[in-house]
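Asker: For reference, the structure I am asking about is given below.
There are 2 protein chains.
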Amino acid sequence: MNIGLDIMGGDFAPREAVKGVQLYLTESKSPASLFLFGDEPVLHELLKEFQITEHIKVVHAPQVIGMNEHPTKALKEKQQSSISVGFHLLATGNTDAFISAGNTGAMMVGALFSIKAIEGVQRPTIGTIIPKENGKTGLLLDVGLNADCKPENLDQFAILGSLYAQHILGIDSPRVGLINIGEEEGKGNLLAQASYPLLKENKEINFIGNIEGRDLLLDKADVMVCEGFTGNIILKFAESLFSVTQDKNIHHEYFDRFNFENYGGTPVLGVAKPVIIGHGISKAKSFKNMILLAQKMIETDLMGKMKISFQTK
Amino acid sequence: MNIGLDIMGGDFAPREAVKGVQLYLTESKSPASLFLFGDEPVLHELLKEFQITEHIKVVHAPQVIGMNEHPTKALKEKQQSSISVGFHLLATGNTDAFISAGNTGAMMVGALFSIKAIEGVQRPTIGTIIPKENGKTGLLLDVGLNADCKPENLDQFAILGSLYAQHILGIDSPRVGLINIGEEEGKGNLLAQASYPLLKENKEINFIGNIEGRDLLLDKADVMVCEGFTGNIILKFAESLFSVTQDKNIHHEYFDRFNFENYGGTPVLGVAKPVIIGHGISKAKSFKNMILLAQKMIETDLMGKMKISFQTK
Numbered sequence: 029m030n031i032g033l034d035i036m037g038g039d040f041a042p043r044e045a046v047k048g049v050q051l052y053l054t055e056s057k058s059p060a061s062l063f064l065f066g067d068e069p070v071l072h073e074l075l076k077e078f079q080i081t082e083h084i085k086v087v088h089a090p091q092v093i094g095m096n097e098h099p100t101k102a103l104k105e106k107q108q109s110s111i112s113v114g115f116h117l118l119a120t121g122n123t124d125a126f127i128s129a130g131n132t133g134a135m136m137v138g139a140l141f142s143i144k145a146i147e148g149v150q151r152p153t154i155g156t157i158i159p160k161e162n163g164k165t166g167l168l169l170d171v172g173l174n175a176d177c178k179p180e181n182l183d184q185f186a187i188l189g190s191l192y193a194q195h196i197l198g199i200d201s202p203r204v205g206l207i208n209i210g211e212e213e214g215k216g217n218l219l220a221q222a223s224y225p226l227l228k229e230n231k232e233i234n235f236i237g238n239i240e241g242r243d244l245l246l247d248k249a250d251v252m253v254c255e256g257f258t259g260n261i262i263l264k265f266a267e268s269l270f271s272v273t274q275d276k277n278i279h280h281e282y283f284d285r286f287n288f289e290n291y292g293g294t295p296v297l298g299v300a301k302p303v304i305i306g307h308g309i310s311k312a313k314s315f316k317n318m319i320l321l322a323q324k325m326i327e328t329d330l331m332g333k334m335k336i337s338f339q340t341k
Numbered sequence: 029m030n031i032g033l034d035i036m037g038g039d040f041a042p043r044e045a046v047k048g049v050q051l052y053l054t055e056s057k058s059p060a061s062l063f064l065f066g067d068e069p070v071l072h073e074l075l076k077e078f079q080i081t082e083h084i085k086v087v088h089a090p091q092v093i094g095m096n097e098h099p100t101k102a103l104k105e106k107q108q109s110s111i112s113v114g115f116h117l118l119a120t121g122n123t124d125a126f127i128s129a130g131n132t133g134a135m136m137v138g139a140l141f142s143i144k145a146i147e148g149v150q151r152p153t154i155g156t157i158i159p160k161e162n163g164k165t166g167l168l169l170d171v172g173l174n175a176d177c178k179p180e181n182l183d184q185f186a187i188l189g190s191l192y193a194q195h196i197l198g199i200d201s202p203r204v205g206l207i208n209i210g211e212e213e214g215k216g217n218l219l220a221q222a223s224y225p226l227l228k229e230n231k232e233i234n235f236i237g238n239i240e241g242r243d244l245l246l247d248k249a250d251v252m253v254c255e256g257f258t259g260n261i262i263l264k265f266a267e268s269l270f271s272v273t274q275d276k277n278i279h280h281e282y283f284d285r286f287n288f289e290n291y292g293g294t295p296v297l298g299v300a301k302p303v304i305i306g307h308g309i310s311k312a313k314s315f316k317n318m319i320l321l322a323q324k325m326i327e328t329d330l331m332g333k334m335k336i337s338f339q340t341k
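Chains L and B supply the protein sequences, listed in that same order. Whatever position you read off the first sequence (first residue = 1), add 28 for the working numbering. Whatever position you read off the second sequence (first residue = 1), add 28 for the working numbering.
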């Protein structure tokens, strides 16, 4: 198993990325081989400092795509960047997964155009973990990849999210809720109204109906589906709860769980190979968790299961 | 000044509504005349109990529209209900404002069809107060009246919200932010993309650009504009923070401000007369605050200012 990792992506790269690699290798009993993409001299220096010698392969990628660069333009012009090289090795089968905390847009564009969607998937999606107030976790998707959606997209997000919840989060028969502004069928905007019957008739998911804003933190649905506009607002609002409570000196383990660093990164669901997008503020723990997530996605053959699910449609 | 109040609306009516009246009359130096709509014998009993004798006029309304009744159907069939009677007296000029914590749908339908929109206003809206982390308050709108919107609607919400923020919340030149999933112009879903230039060119508002989910609790914009789907999800998510923190025994004055009871009710903005919709869980303090809000809306002639603003367009 070969996992590719962009060492140059993120606000605290490359140091925290390499520290994450060290954490992973120290804690893992049978670690995967890690392909590290970045500037070779810098990388060798850090690997030496952190005494990392095994299970790694350095791939020279002297360019970096900055956080504010235009994704498509940057990917085209910087073919020697860590993100471009990472996607190239994933696309050619040299690696089995790719992780980066770099330019989010470039990661999305790369995932969609270098790796491509699973056959039958109209629009890949990204999700995020939402900490439930009873200690469990929910999956919210889409959180920004698809700002405008059709009902069929939401229906597919529900399938992708259910498979992720089942195989990665370990939730049997995950309950799918449609995020809406009322409980009953027929409520909502045009998109939600049209999506409800599709979800209801979808035999591959366990649809429980509409859920409202007040249910997001409750243990009502495991997979919470909406278009990427609403999902992104919810995600960033939820993220802000961690910083707001920190600023106010409100310390409680529940709000600590809104520190999205704990969750590693966001997988792009619906593309043919595992691609994980890290938060710009990722530190060592995030990088370690993203490597573990990539490993789990490969081990459970999540993408294979998604392919089968969409073949039978 | 005559303010109409539905005594039968809300989970804790009629007792808490009458208690609210008592609070208002006790604390107010020059109270308005209150028209109380409800079952006369019940009302007289309560008025006696709370020793309320002055500044009130009881209007018999023996029927009640239940919380789960179909709004349009109920308004048509129950013409002697407190909500129907309340709107009738407002429409005929016997009262200058109407307040109810009863069936929200019936209140909205009543506001739109008995009172009608201000000329030029395409779609009236409802907003809510969002407690900012620095102690200030923001206004979020729409929060559910308009699940699907056009760019022109958002542009009008910005004007209505700005006038409310200025005259009722006392904010000079309120900063208007467009709720979006990115900071730069051009980001967002089709609606947000098309709304941005309208807001930018609108000389009646102080538009500061896009705001994201993470900015909702920060003091970035005073008036936060979006369609009613996203707004309703944000509102109910924000409301849930109060109960979640209560359940977890996290007590902090900031989260106490998410107890929406403090704010009284939600005015319907863009209709020709003041209509205030209370939360179903309204207690005495809410009712008092709603009466005070109605009084302020009348005293500042908010609706008159809105009319002028839309006349000049």
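Where a beta carbon is used, it is the ideal one built from N, C-alpha and C, also for glycine.
Do you know offhand how far B/L168's Cα is from B/G216's?
Answerer: Spanning the two alpha carbons is a distance of roughly 18 Å.
Asker: Is DSSP giving L/S151 helix, strand or coil here?
Answerer: First, the amino acid is wrong: residue 151 of chain L is Arg here, not Ser. In this structure, L/R151 counts as coil in the three-state DSSP scheme.
Asker: Could you round the C-beta distance between L/L297 and L/T153 to whole angstroms and report it? I think they count as a contact, below 8 Å.
Answerer: About 5 Å; that satisfies the 8 Å criterion.
Asker: List, in order along the chain, the chain L residues whose C-beta lies closer than 8 Å to that of B/D176?
Answerer: Neighbours of B/D176 on chain L, chain order: N217 and L218.
Asker: Along the chain, where does the beta strand (DSSP E) that runs through L/H72 open and close?
Answerer: No beta strand (DSSP E) contains L/H72, which is instead part of the alpha helix (DSSP H) from E68 to E77.
Asker: Take every Cβ of the region 237-249 of chain L, pair it with every Cβ of the region 207-221 of chain L, and state whether three or more of those distances are shorter than 8 Å.
Answerer: Contact holds: three or more Cβ-Cβ distances are below 8 Å.
Asker: From the beta carbon of B/V299, is the nearest beta carbon of chain L less than 8 Å away?
Answerer: No, because no Cβ of chain L sits closer than 8 Å to the Cβ of B/V299.
Asker: Using the Cβ count rule (16 or more neighbours within 10 Å means buried), how would you classify L/Q108?
Answerer: Answer is exposed; the Cβ neighbour count stays below 16.
Asker: Helix, strand or coil for L/P295? Go by DSSP, reduced to three states.
Answerer: If DSSP states are grouped into helix, strand and coil, L/P295 belongs with the strands.
Asker: Rounded to whole angstroms, what's the CA-CA distance from B/V299 to L/I93? Just pull it up for me.
Answerer: Taking the straight line from one Cα to the other gives about 51 Å.
Asker: For a quick check, are the C-beta atoms of L/I111 and L/D200 less than 8 Å apart?
Answerer: For L/I111 and L/D200, no; Cβs fall outside 8 Å.
Asker: For the region 290-323 of chain B, which residues have a CB atom closer than 9 Å to at least one CB atom of chain L, in sequence order?
Answerer: Going along the region 290-323 of chain B in chain order, one finds no residue with a Cβ nearer than 9 Å to chain L.
Asker: I'd like to know whether the C-beta atoms of B/F286 and B/E267 end up nearer to each other than 8 Å.
Answerer: Yes, the pair counts as a contact, with Cβ atoms nearer than the cut-off.
Asker: Is the separation between the beta-carbon of B/E44 and that of B/A312 shorter than 8 Å?
Answerer: Result yes, Cβ atoms of B/E44 and B/A312 sit closer than 8 Å.
Asker: Does the beta carbon of B/H98 come closer than 8 Å to any beta carbon on chain L?
Answerer: Judged by the 8 Å Cβ criterion, B/H98 is not in contact with chain L.
Asker: To the nearest whole angstrom, what separates the beta carbons of L/S223 and L/V204, a pair I think is in contact under 8 Å?
Answerer: The pair is not a contact, with the Cβ atoms about 11 Å apart (cut-off 8 Å).
Asker: Taking L/L64 and L/V49 to be in contact with their CB atoms under 8 Å, please state how far apart those CB atoms are, rounded to whole angstroms.
Answerer: That belief holds up - the Cβ atoms of L/L64 and L/V49 are roughly 7 Å apart, short of 8 Å.
Asker: How is the beta strand (DSSP E) around B/N30 delimited, first residue to last?
Answerer: Start and end: N30 to D34.
Asker: Using a Cβ-Cβ cut-off of less than 9 Å, give me the residues of the region 228-247 of chain B that come near chain L, in sequence order.
Answerer: Hits within the stretch, in order: E240, G241, R242, D243, L244, L245 and L246.
Asker: Assuming L/S223 is part of the alpha helix (DSSP H), what are its boundary residues?
Answerer: Per DSSP, L/S223 belongs to the alpha helix (DSSP H) from L218 to E229.
Asker: Could you tell me which whole beta strand (DSSP E) segments of length 3 or greater appear in the region 81-132 of chain B?
Answerer: Counting only runs of 3 or more, we get 84-88 and 125-128.
Asker: Tell me which residue opens and which closes the alpha helix (DSSP H) that L/N162 is part of.
Answerer: It is not in any alpha helix (DSSP H) - L/N162 carries neither H nor E in the DSSP assignment.
Asker: Under 8 Å, do B/N96 and B/A60 count as touching if we go by C-beta distance?
Answerer: In this structure, B/A60 does not lie closer than 8 Å to B/N96 by Cβ.
Asker: Where L/K47 and L/V113 are concerned, what is the direct C-alpha to C-alpha distance, given to the nearest angstrom?
Answerer: Rounded to the nearest angstrom, the two C-alpha atoms are 21 Å apart.
Asker: Using a Cβ cut-off of 8 Å (strictly closer), state whether B/N260 contacts chain L.
Answerer: Chain L contact via Cβ: present.
Asker: Within 8 Å of any Cβ in chain B, is that where the Cβ of L/N154 sits?
Answerer: The sequence given here places Ile at residue 154 of chain L; Asn does not occur at that position. False, the Cβ-Cβ gap to chain B never drops below 8 Å.
Asker: With a cut-off of 8 Å on the beta carbons, I'd call B/V171 and B/N230 a contact; round off their distance for me.
Answerer: Not really, about 21 Å apart at Cβ, beyond 8 Å.
Asker: May I ask whether a heavy atom of the ligand ATP can be found less than 7 Å away from the beta carbon of L/Q91?
Answerer: By its list of ligands, the structure shown contains no ligand whatsoever, and the ligand ATP lies outside what it can speak to.
Asker: If you run the structure through DSSP and keep just helix, strand and coil, what is B/N277?
Answerer: Residue state, collapsed to three classes: coil.
Asker: For L/N238, which of helix, strand or coil comes out of DSSP?
Answerer: L/N238 falls in the strand class under three-state DSSP.
Asker: Between L/I143 and L/A125, which are expected to be in contact by the criterion C-beta below 8 Å, what is the C-beta distance as a whole number of angstroms?
Answerer: Contact doesn't hold; Cβ gap of about 10 Å is too wide.
Asker: Find the residues of chain B that neighbour L/V204, judging by a C-beta separation of less than 9 Å, and give them in chain order.
Answerer: Result: empty, since nearest Cβ-Cβ is about 17 Å, beyond 9 Å.
Asker: So, are the CB atoms of B/L330 and B/I196 less than 8 Å apart?
Answerer: Yes, the pair counts as a contact, with Cβ atoms nearer than the cut-off.
Asker: Return the CA-CA distance between L/F315 and L/K164, expressed in angstroms with no decimal places.
Answerer: L/F315 and L/K164: Cα-Cα distance of roughly 22 Å.
Asker: For L/F338, collect the residues of the same chain with a Cβ closer than 7 Å to its Cβ; drop the 5 residues on either side in sequence, then sort them by chain order.
Answerer: Correct list, in chain order: I146, E147, G148 and V149.
Asker: Quick check on B/E3 - is its C-beta less than 8 Å from some C-beta in chain L?
Answerer: Since the first residue shown for chain B is 29 and the last is 341, residue 3 of chain B is missing from the structure and cannot be characterised.
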